[in-house]
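Engineer: For reference, the structure I am asking about is given below.
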Amino acid sequence: MHGIDRQLVEQLFAPLRVTFSPPRPDGGIVLSLLDDKDATAYSRVLSSSQRADAQAFAQSLEDIRLELAVRSGNIPADLRKALKEQDSVLSYHPA
1 MHGIDRQLVE QLFAPLRVTF SPPRPDGGIV LSLLDDKDAT AYSRVLSSSQ RADAQAFAQS
61 LEDIRLELAV RSGNIPADLR KALKEQDSVL SYHPA
């Protein structure tokens with residue numbers, strides 16, 4: 001995959017296996033993460049502009065890692081605190 005450090009991406013998402021689709025007509029690719037049974041655990045389209053800009057690509061990978069952490073319930077404490085402090089996130093208080 002041109003311009004992508006595949007080894008780094010594989011390390012970020014281990015033990016999931018990383019695959020990249022061939023480029024789509026719009027220039028984007030699909031990044032898929034497969035479990036040990038080769039079932040798709042996650043997939044996301046990365047646009048050509050995200051792939052061309054190293055910082056945008058790195059942010060996309062970090063967003064994916066965060067989404068996986070949220071899905072699994074493993075949100076880091078500092079992130080959980082930051083989310084609670086944002087005005088747009090309301091705390092839930094059961095009645």
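Per the UniProt record's numbering, the very first residue in the sequence shown carries number 1; after that it's consecutive. Built from N, CA and C at the ideal position, the CB exists for glycine as well.
How would you call Leu66, buried or exposed, if buried means at least 16 neighbouring beta carbons within 10 angstroms?
Structural biologist: exposed
Engineer: Determine the burial state of Arg51: buried for a count of at least 16 other Cβ atoms within 10 Å of its Cβ, exposed for fewer.
Structural biologist: buried
Engineer: Which residue's Cα is closest to the Cα of Val30: Ala41, Phe20, Ala39 and Lys37?
Structural biologist: Phe20
Engineer: Closest to Ala14 by CA distance: which of Leu33, Asp26 and Ser72 is it?
Structural biologist: Selected option, being the one with the closest Cα: Leu33.
Engineer: Measure the C-alpha to C-alpha separation of Val18 and Leu12 and round it to an integer number of angstroms.
Structural biologist: 10 Å
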